[in-house]
Amino acid sequence: MVFIGGYMSELHNQRMKRREKLRKIKELGFDPFPTKWNYDYLPHEVHERYSSLDRGSLSERDIRCRVVGRIIAKRGHGKLIFIDVSSGKDKLQFFIRKNNLSAKEQALLKLLDIGDFIGAEGKVIRTKTGELSLEVFSLVIISKSLRPLPEKWHGLADVETRYRQRYIDILVSNEVRQIFDTRYKILFAIRSFLNDKGFIEVETPMLHTLATGAAAKPFVTHHNALDIDLYLRIAPELFLKRLVVGGFDKVYEIGRNFRNEGVSTKHNPEFTMLELYWAYKDYEDIMDFTQEIIVHVLEKVIGQKTVKFADLEIDFSTPWNRVSLKDSLIEMGGLNRKEIDSVESAKRICERLGLEIPEDYSYGEVLVALFEELVADKLVNPTFITLYPVEVSPLAKRDPYKSGFAQRFELYIGGMEIANAFSELNDPLEQANRFKEQLAKKKEGFPLDADYLRALEIGLPPTGGLGIGIDRLTMVLTGQISIREVILFPLLKPKQEEDLADIDGLI
RNA sequence: GAGCCGCUAGCUCAACAGGUAGAGCAGCAGACUCUUAAUCUGCGGGUUCUGGGUUCGAGUCCCAGGCGGCUCACCA
44 MVFIGGYMSE
54 LHNQRMKRRE
64 KLRKIKELGF
74 DPFPTKWNYD
84 YLPHEVHERY
94 SSLDRGSLSE
104 RDIRCRVVGR
114 IIAKRGHGKL
124 IFIDVSSGKD
134 KLQFFIRKNN
144 LSAKEQALLK
154 LLDIGDFIGA
164 EGKVIRTKTG
174 ELSLEVFSLV
184 IISKSLRPLP
194 EKWHGLADVE
204 TRYRQRYIDI
214 LVSNEVRQIF
224 DTRYKILFAI
234 RSFLNDKGFI
244 EVETPMLHTL
254 ATGAAAKPFV
264 THHNALDIDL
274 YLRIAPELFL
284 KRLVVGGFDK
294 VYEIGRNFRN
304 EGVSTKHNPE
314 FTMLELYWAY
324 KDYEDIMDFT
334 QEIIVHVLEK
344 VIGQKTVKFA
354 DLEIDFSTPW
364 NRVSLKDSLI
374 EMGGLNRKEI
384 DSVESAKRIC
394 ERLGLEIPED
404 YSYGEVLVAL
414 FEELVADKLV
424 NPTFITLYPV
434 EVSPLAKRDP
444 YKSGFAQRFE
454 LYIGGMEIAN
464 AFSELNDPLE
474 QANRFKEQLA
484 KKKEGFPLDA
494 DYLRALEIGL
504 PPTGGLGIGI
514 DRLTMVLTGQ
524 ISIREVILFP
534 LLKPKQEEDL
544 ADIDGLI
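Count the first sequence with our numbering and you get residues 44 to 550, in order.
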């Protein structure tokens, strides 16, 4: 027994008891950590196969099999013992008559804890209450758990522990497990949809020599052998368009972007983006396509047209509303057209609202600031906001009819920006000028990518491009209001010292 | 980075106004041949996040720090 400062902590109490049991299990001649144990079914597979059979026919058919799984509950009842065993899906009850086991197995039974993995050979039955069960004739341990799990009823509620020790969270919470299952299905549905449409999935570098493709602070790292600084990518955009130059007419990439910015319920420093490029299409085609993709995902994964999100209900019924940024300020922001006709009047609105903006903000930048203040939160049902100011869209093509605005849209759902897309700027001379303007403004995130300009000179066809934030899409589809609920291991400050103190006796 | 809130047994939570830190689950010992949040009897388990301070006395009040949650700002 281990004593700390005169006390034996409860943690040590329960952990030491389990280590003691481990030792006794070995003494009995069991290997508590065998390489494997051949089985016929996982617990949920027994349900899948035999749930249609009633008590009598199960008894008659005498189905013998071997089942493995993890103990999630134990109910002793004298010479009868009920053990719930799970492999993450439906649990199966092991029905054990002590008298059916050898003395050695009975000794093992006493040493089993919740969390242990076991294997059993037995007969599929229904108990008197009708529950499908395995009546156990022989029993082995296949992995020992040396720490107590959270309480069976309330589970793990401490948010910090849930994120830091996600292995426990997904082990004890079906709801949490479900979210990540859904996330996988969303990705699967997107991929199969795009693949069916003839898109190819590519992988471009995550280590960049220039942090381009978006306006964000990058993470910096260093390559020792080449002795150069590198940036974790903030966006794959320019690489993907190089591929369109090279003749990949329909490409996409799903992968991690890294942005060295604040953390919030809508932001994680690393997040997953779908970026897609489609040659010979423009932003309106991409708008149709975006709606198609998400509706497809909704049908395949969610199966209904509405989703609860916080205290709101999101209605995905099509067609989704399309409104220009400027019109949205009038229709949803409560402003009149005259108020946003010029920089001066628009800035006066900001003043009136108490919205602080930099002195040198351009007309377009003020419009975007007003949009974010007055409109964005209100866009609960999917809404396309179109025609963004050129100066905030350095990689997008100008709209030929709306001077000062680019052929760009953002998709808002649940008050969040979910997608961003445009007709790609493919005029190398104008692109060079836009880069120069960005540099002149000393905006971070737009170092001049000369090779990209060279690629444009080779020739980019008219192309529509799209980015969808997968984490946020998962949020709105699973009704989660914090991005950390849809990321398995969200970034938290480390607690290394506490962790080391907590594993004493192991190393 | 700023503001507000939180941190008590392995887990979920109590502790009125500053006055002996409790319960359920989990654990241990025992009873029980159809339970399923099993039940019943008994027992063990606490540096109340950390460090200072006020006080006869601090989980509770004050100060500093740590971590987390929410809101705001940068950003998708």
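Think of the CB as a built atom: it goes at the ideal place given N, C-alpha and C, for glycine as much as any other residue. Source: prediction; values computed, not measured.
Distance between residue j and residue i (C-alpha atoms, nearest Å)
| i | j | result |
| --- | --- | --- |
| F359 | P425 | 6 Å |
| L531 | R107 | 38 Å |
| R113 | D127 | 8 Å |
| R497 | F352 | 45 Å |
| T78 | F160 | 13 Å |
| R302 | T252 | 15 Å |
| F223 | L230 | 11 Å |
| N300 | T225 | 21 Å |
| E318 | A116 | 45 Å |
| E415 | E174 | 55 Å |
| E394 | F465 | 31 Å |
| V386 | A259 | 26 Å |
| L543 | K60 | 21 Å |
| L269 | H310 | 32 Å |
| T170 | R98 | 8 Å |
| I185 | Y320 | 49 Å |
| S405 | N217 | 50 Å |
| V215 | D354 | 26 Å |
| E434 | T517 | 30 Å |
| I124 | K538 | 41 Å |
| L438 | A257 | 9 Å |
| W80 | Q334 | 48 Å |
| F138 | L101 | 14 Å |
| F314 | N142 | 55 Å |
| L549 | L192 | 18 Å |
| E540 | T255 | 37 Å |
| L472 | G290 | 21 Å |
| P533 | I511 | 19 Å |
| V350 | A389 | 36 Å |
| H55 | N364 | 59 Å |
| Y495 | N238 | 27 Å |
| M249 | R276 | 5 Å |
Assigned secondary structure, residue i (DSSP; H/G/I helix, E/B strand, else coil)
| i | result |
| --- | --- |
| R27 | With the chain covering only 44 through 550, there is no way to say anything about residue 27. |
| Q523 | coil |
| Q450 | strand |
| N364 | strand |
| P504 | coil |
| M59 | helix |
| R190 | coil |
| G407 | helix |
| Y455 | strand |
| F231 | helix |
| V179 | strand |
| T426 | strand |
Cutoff 6 Å; reference residue i; Cβ partners in own chain excluding five residues on either side
| i | result |
| --- | --- |
| Y576 | Residue 576 cannot be examined here, being either before or after the span of the chain that is shown, 44 to 550. |
| A412 | I400 |
| M375 | V418 and K421 |
| R205 | L199 and D212 |
| H266 | L273 |
| K187 | L65, P75 and D159 |
| A150 | L71 |
| R220 | I213 |
DSSP beta-bridge partners of residue i
| i | result |
| --- | --- |
| H310 | S307 |
| N300 | F314 |
| H197 | Its beta-bridge partners do not exist; DSSP assigns none. |
| I139 | I124 |
| R117 | Reading the sequence as shown, one finds Lys at residue 117 and not Arg. Beta-bridge pairing links K117 to I126. |
| W321 | K293 and G507 |
| C108 | G165 |
| A439 | E467 |
| D358 | T349 |
Sequence-distant residues of its chain with Cβ nearer than 7 Å to residue i (five each side left out)
| i | result |
| --- | --- |
| L286 | V245 and V294 |
| P86 | V110, G112, V128, S129, S130, D133, K134 and L135 |
| R58 | L189 and R190 |
| V263 | D272 and Y274 |
| Y326 | Q450, R451, F452, A464, F465, S466 and G507 |
| E82 | Going by the sequence as given, residue 82 is Tyr instead of Glu. Only R109, V110, V111 and G162 meet the Cβ criterion. |
8 Å CB neighbourhood of residue i in its chain, flanking five on each side removed
| i | result |
| --- | --- |
| D442 | L430, F448, A449 and Q450 |
| E203 | L535 |
| T361 | Q334 and V338 |
Could you say if the segment 455 to 464 and the segment 488 to 506 meet the contact criterion of at least three C-beta pairs nearer than 8 Å? Not touching, per the Cβ criterion.
Quick test of the definition: if touching needs 3 or more C-beta pairs under 8 Å, does the segment 56 to 70 touch the segment 150 to 160? With the cut-off at 8 Å, the segment 56 to 70 and the segment 150 to 160 touch.
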